[in-house]
Amino acid sequence: MKKYEVIFIVKPLEEEATNAVIAKFENLIKSNGGDMEKIDRWGKRRLAYEVKDFMDGYYCLFFFSAEPKVVFELERVLKITDEILKYMIVKEDE
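Structural data, given as structure tokens:
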């Protein structure tokens, strides 16, 4: 398994809805055989520029180990989730 980082920005929602979106992606990684190492919640921050008519967003960073197929599934779901403004997946160097 390879190590990855994914950072994503969630639309500014109520705390309960934001937690549900974060839990959705955590469960997606775990259910497909990935290992979560750390979740770093940066909280609500102002964006540098407007994204999809929003100026604020909730930042969250995951550190995890997984097979490449898990990353493809994660990216697919991130793309089709309306609550996600932006995301980036990076493979860590070994």
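In terms of UniProt numbering, the sequence shown opens at residue 1 and continues consecutively.
The beta-carbon is built from N, C-alpha and C at its ideal position, and this holds for glycine as well.
Boundaries (first-last residue) of the beta strand (DSSP E) holding residue i
i: isoleucine 69; result: In the sequence as displayed, the identity of residue 69 is lysine instead of isoleucine. Segment 68-80 is the alpha helix (DSSP H) holding lysine 69; no beta strand (DSSP E) there.
Opposing strand residues paired with residue i [DSSP bridges]
i: glycine 43; result: Tyr59
i: glutamate 5; result: Phe63, Val90
For residue i, the first and last residue of its enclosing alpha helix (DSSP H)
i: lysine 86; result: Where lysine 86 is concerned, there is no enclosing alpha helix (DSSP H), although the beta strand (DSSP E) it sits in stretches over 84-91.
i: lysine 30; result: 15-31
Close beta carbons around residue i, own chain, < 6 Å, minus the five adjacent residues each side
i: tyrosine 87; result: Phe8, Leu78
i: leucine 47; result: Met55, Gly57
C-beta atoms of residue i and residue j nearer than 8 Å
i: isoleucine 84; j: leucine 74; result: no
i: lysine 44; j: methionine 36; result: no
7 Å Cβ shell around residue i - same chain, five flanking residues per side excluded
i: leucine 61; result: Glu5, Ile7, Asp40, Trp42
i: glycine 34; result: Phe64, Ser65, Ala66, Val70
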